[in-house]
Amino acid sequence: MNEKGSNHQLLKQNNHNLIKKHIYRNSPISRVEIAQQLGLTTATITGMVNPMINSGLLRETVAPTDEAKGAGRPRMMLEFVPEAYYVCGVDVGVYNTNYILTDIRGNVIAVRHTDQPLGDYRVTLEWLAQQIPAFLEEAAIPKEKVLGVGICLPGMIDGSADIIYDIFYEGWTEHNLCAELGQRLGLNVEVENNVRARAISAELFDRMVKSEPFAYFFVSFGVACQMIIDGKVLYGQSAAAGEIGHTVVQRNGPVCPTCGNRGCLEALTGERAILQQCRDIMAAETPTILRDLCPDPQCLTMDQVLLAQEMGDKAVSSVIEDAIEYLGIALANTINLISPRAVVLEGRILSVPKNQARMLRTVEQYMFHIHSGMIDFAFLPYDSDRGARAAAAVVVKEFLSRSL
Ligand SMILES: [Zn+2]
308 MNEKGSNHQL LKQNNHNLIK KHIYRNSPIS RVEIAQQLGL TTATITGMVN
358 PMINSGLLRE TVAPTDEAKG AGRPRMMLEF VPEAYYVCGV DVGVYNTNYI
408 LTDIRGNVIA VRHTDQPLGD YRVTLEWLAQ QIPAFLEEAA IPKEKVLGVG
458 ICLPGMIDGS ADIIYDIFYE GWTEHNLCAE LGQRLGLNVE VENNVRARAI
508 SAELFDRMVK SEPFAYFFVS FGVACQMIID GKVLYGQSAA AGEIGHTVVQ
558 RNGPVCPTCG NRGCLEALTG ERAILQQCRD IMAAETPTIL RDLCPDPQCL
608 TMDQVLLAQE MGDKAVSSVI EDAIEYLGIA LANTINLISP RAVVLEGRIL
658 SVPKNQARML RTVEQYMFHI HSGMIDFAFL PYDSDRGARA AAAVVVKEFL
708 SRSL
C-alpha cells in the first residue's frame, strides 16, 4: 500500500474506534449527535455504523417519547446490542477466585465462586485453564460469542501492554499469562491490576466517571488508589502508579510483608494488618466481644471484626478507628496531589456508615485548599463479584480499541 493509502486506512481505523467508543459511552445516541460531538460528517458516521448494525453489534432504537415530542419523525438512536458478545471475568485474589460472565454491557449472566487463592504461576495457570472452560460450558454460551477472558490480580500489571511486572508470587514475571492461557483456551485473554480494572469498570460499565481527575480508592488485603486523568487510566513506570498502600505514614511502624518497609499504609490499615491487630487483642486474654464471636483467632474474618465493632467492642473499635484515620490521611494526601473531582471508595471496612463518616471527616481535616463539597464522593457497597465484573470490563476496553 502506498503512503496515501495507508494514511487513509489509519484515518478510517481511528474514526472507527472513535465512533465505537463514543456510542458505547454515550448510548443511546443519534447519528447527528455523534457527528456534532466528534466533528465528523454524518456520511462518515453512517458509513462506519451500518456495518456494525449489519453484524449485530449495534441496533437502532426510537428516542424516548418526551424527546421526540412534536419533532415529526421519531429520532433513531444507536446503542450496543448487549447480547452481541459475552465476556468472562476472573478475579484472582489473595483470599479466593471468582468467575463471572457478563454481556458486553456488563450485565451479569452467571457467577462462580471458588476458594482457590492466588498462588505461583504454574498452579494458577493450570487452575484457570481447567475452571474457565468448565464455567463457560455451564453457562452454555458458544465460544464464538465470547469476546475474551479478563483476569484481574493484585500487583504491578500493565494491562494495556499485557505485562506483569510483579505480583509477589513465583513464576509470574517469567511467563506471559495472556499468551499462554489464551492458547490453552483458544480465546483472547487480557490481564489487569485488580483496582485499575475497577476504575475501568466504573467508567465503561457503570458510567461513574462523569468528571476528572477520577480516583478509585480501594481497601482490601492491601490498599490502592487508581486514577483516570484526561481520559487515560494512569499506569506510570512499571505500572506502579496508584500503589498508595506502600506509602509510609508511620515511621518505625510495623513491618509490611509486601514491601518490607515499616509503617506503610498496608501495614497499618490493610485487612491482613487489622486481622493481626485483632488477634493480638484476643491473645491478651481479656474478655472481648470478638472472642465470643470467634473462639479460634486463626479463623478470624473481617466480617466478625466489623460485627464486633458494631456490637460495641471497644478494643476492636479502636483498631478500626485508627485504621480509618490513616486511610483518611492517605486519601487527603492523594487529593492534595491530584485534586480529583470524583472519588469512589470501596472496601469492607468502608461499608459501615460510621466508618464512612469518620473517613470523610478525616479527609476534610487534612485536605488543603479543597473542601469536600468540591468533590463527588461515592462509597460502593461491598460486593464479592465486583472484581470479576471489573476484569470483564478490561476485555470490553480492549475490544473498543480493537482494529477493524
Ligand atoms: Zn508496604
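If you use the working numbering, the sequence shown closes out at 711, no skipped numbers anywhere. Beta carbons are placed, not taken as given, at the ideal position from N, Cα and C, and that holds for glycine.
The count of Cβ pairs closer than 8 Å, one atom from the region 477-495 and one from the region 421-428, reaches three, so the stretches are in contact. Looking at the backbone, the Cα of residue 410 and that of residue 534 are separated by about 25 Å.
Of the candidates 362, 408 and 490, 490 places its Cα closest to the Cα of residue 432. The Cβ atoms of residue 458 and residue 704 lie no closer than 7 Å to each other. The beta carbons of residue 509 and residue 651 sit closer together than 7 Å. Between the region 632-639 and the region 652-666, the count of Cβ pairs shorter than 8 Å is three or higher; the stretches touch. Nearest to residue 371 by C-alpha distance, out of 362, 353, 334 and 392, is 334. In this structure, the alpha-carbon of residue 369 lies about 34 Å from that of residue 688. Taking the Cβ of residue 485 as the reference point, every heavy atom of ligand 1 lies at 6 Å or farther away. For residue 678, there is no enclosing alpha helix (DSSP H), as DSSP marks it with neither H nor E. Selection 337, 527 and 661 evaluated against residue 581 yields 527 as nearest (Cα-Cα).
For residue 331, the enclosing alpha helix (DSSP H) starts and ends at 310-333. Counting along the chain, residue 533 sits inside the beta strand (DSSP E) bounded by residues 530-536. Distances from the alpha-carbon of residue 678 to those of 517, 405, 646 and 364 put 646 closest.
Inclusion of residue 355 and residue 323 in the CB contact set at 7 Å is warranted, their separation being smaller than that value. At least one heavy atom of ligand 1 sits closer than 6 Å to the Cβ of residue 571.
If you draw a straight line from the Cα of residue 321 to the Cα of residue 314, it comes to about 10 Å.
Cβ neighbours of residue 663 within its own chain (closer than 8 Å, five residues either side excluded): 652, 657 and 686.
Excluding five sequence positions before and after residue 607, the CB atoms of its chain that fall closer than 8 Å to its own CB belong to 582, 585, 586, 589, 597 and 601, given in chain order.
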